[in-house]
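Read the structure below first, then the notes.
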Amino acid sequence: MSMKKQVTEGEEPVSPFAQLFSLPGLDVFNIVTIGWKTEGDPFIIVEGLKNTLINHPRFSSILVTDHDERKGKAKWIPTKVKVEDHVIVPDIDPYIENPDKFLEEYTTNMALSPMDMAKPLWEFHLLKLKTSHAKYVAVARFHHSLGDGMSLMSLLLACTRKTCDPEALPTFLAPKKIQAINAWWSLVAWFWFIIRLLFHTCIEVIKALVFICFARDTTAYIMGKPGAKLSANKFVHKIISLDDVKNVKNAMKMTMNDVLLGMVQAGLSRYLNQIYDLETTSKTRKTLDKTCLHGVVFFNLRPNRDIEDLANMMAKGSKCRWGNSIGYVLIPLWMKSENDILEYLRQAKTTMDRKKLSLEPQFSYVLLKLTMEVFGLTALKNLVERIFGKTTMIFSNVVGPAEEISFFGHQISYIAASAFGIPQAVIISIQSYMDKLVINLSVDLDVIPDPHHLCNLIIEALSMMNSSASEKIVHASEV
């Protein structure tokens, strides 16, 4: 992979959101675990990063900031990067008893350890560790000031190539094409769409503002204490078949996001039910049906996510939109105990359909930006902590490559991404790759003492949905 290094001259101002994510007490990191099918070669990885990742200006610059909310003097200052200092190869016992548990503990300790702000804010840890799903593991840590999760994941994938074609970039599922319709009906449909968009935007934005100002989630069993910081974090991930999700999607005529949100709701509901079952009073049982929980879902606000632009940026020094360009929406979670497991899917679809027909993500982005520009970084930090302190979880879903890819010649078995540093007790990140679906949980152990159990309940909920959806199809065909 022969690439020409991009030259960056002068200092570059730091965006407001990059300053936010680097504030003391709100250092946010993206953690990406990559399982490989082959033995890793640190020398090849270092050489590959020299020809790709550090050609991006942010990955070859130091973040210098005084956190002056009025002057905003934070800057990216270009520096000479010694890649070897960013690639760590720890000495690991080859006969370790439980490699999967060791990986979880290593990732947790890595996330909790401070990052050297005197160097570019990224690092790769190469672990000679044979786990249940990989022969070798790489764990990457990126400071969130480098960019949002979608940008960082896209940049990382731009460093990969198809295993079947070492010169080709990864491919993703193409969006469905909209069928052509009559011009008159097209005008009517467009007019009706605008009306619905304005209506749902007003409703969803008002509900979000009322919640942020006057309400908060109602259960303490799955939420961190107000103002609490994550002190005992743990990352766990499990891999399931993507076909199981597709089967439910096709049977229920929904989108993948609908199914994923539905199974998460069902898993959380069952988790809460089991907790309340430990209580003996009828009062606590009635409380469950009145439980009001919300999730925060982030939206990428860029017009596209073409990794070819990022590959060209690293190869030829071309321009590509970059940075933290994200909005969020508040998703009410359906936590009622349902005898029909498919009800969680119907509620998820209803919620997602409303969110898709609103401009809530764009509004939230503007709200955060205006808060920063008018009131400064301190006010923005307080607003962000208020949003996450009043909600229960963060949920994200990233579509990965449809074919097997390699990272500098190393065949990838799976990719699991998550975040750390956000004052939230539960972060659920779902990543697809080939025919696999990786469910990654980042939890506060003080709130979720057994994250494996919660993850298993989410997977079991999907299995129950798959069985119920199949029975529904069979019953419909018999009728």
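Numbering-wise (this note's numbering), the sequence shown opens with residue 1 and increments by one.
From the three backbone atoms N, C-alpha and C, an ideal C-beta is built for every residue, glycine too.
Let me check one thing: in DSSP terms, what residues is residue i bridge-paired to?
| i | result |
| --- | --- |
| H133 | DSSP lists no partner for H133. |
| F29 | H143 and F420 |
| N453 | As written in the sequence, residue 453 is His, which differs from the Asn given in the question. None, per the DSSP bridge assignment. |
| F191 | Paired residues: none, contrary to the question. |
| T160 | F407 |
| L272 | Beta-bridge pairing links L272 to no other residue. |
| S61 | P78 |
| K436 | S241 and Y433 |
| F235 | S442 |
| L345 | None, per the DSSP bridge assignment. |
| I480 | Not covered by the structure: residue 480. The range shown for the chain is 1 to 479. |
| N300 | I326 |
Does the distance from the C-beta atom of residue i to that of residue j stay below 8 Å?
| i | j | result |
| --- | --- | --- |
| V366 | Y328 | no |
| I458 | I439 | yes |
| L462 | D258 | no |
| A419 | S442 | yes |
| L481 | L121 | The question about residue 481 has no answer here: the residues shown for the chain are numbered 1 through 479. |
| Q347 | Q424 | no |
| N247 | A469 | yes |
| M256 | L345 | no |
| V139 | L127 | yes |
| P99 | L129 | yes |
| T163 | I405 | yes |
| I44 | F124 | no |
| L357 | L242 | no |
| M252 | I341 | no |
| A208 | E360 | yes |
| H294 | D217 | yes |
If you run the structure through DSSP and keep just helix, strand and coil, what is residue i?
| i | result |
| --- | --- |
| P166 | coil |
| T565 | No information on residue 565 is available, as it lies outside the stretch 1 to 479 that the chain covers here. |
| K336 | coil |
| H56 | coil |
| S413 | strand |
| E39 | coil |
| M352 | helix |
| S429 | strand |
| L330 | strand |
| E84 | helix |
| L441 | strand |
| S241 | strand |
| L20 | helix |
| S396 | strand |
| E123 | strand |
| A461 | helix |
| L293 | strand |
| N250 | helix |
| F172 | coil |
| I387 | helix |
| A266 | helix |
| N98 | coil |
| I448 | coil |
For residue i, is the classification buried or exposed, using 16 other Cβ atoms within 10 angstroms of its Cβ as the cut-off for buried?
| i | result |
| --- | --- |
| D91 | exposed |
| E84 | exposed |
| I77 | exposed |
| A158 | buried |
| A118 | exposed |
| F193 | exposed |
| K349 | buried |
| W486 | The shown model of the chain, from 1 to 479, leaves out residue 486, and the question about it has no answer. |
Using a Cβ-Cβ distance cut-off of 8 Å, determine whether residue i contacts chain D.
| i | result |
| --- | --- |
| I92 | Chain labels in this structure do not include chain D; a single protein chain is all it has. |
Is the segment 41 to 58 in contact with the segment 431 to 438, if contact means three or more CB pairs nearer than 8 Å?
no
Count Cβ pairs between the segment 388 to 403 and the segment 193 to 203 that sit closer than 8 Å; are there 3 or more?
no
Does the segment 232 to 239 come within contact of the segment 95 to 115, defined as at least 3 CB pairs closer than 8 Å?
yes
contact_flag[the segment 122 to 135, the segment 26 to 39] where n(CB pairs < 8 Å) is 3 or more
yes
If you pair each beta-carbon of the segment 21 to 30 with each one of the segment 135 to 149, do three or more pairs fall below 8 Å?
yes
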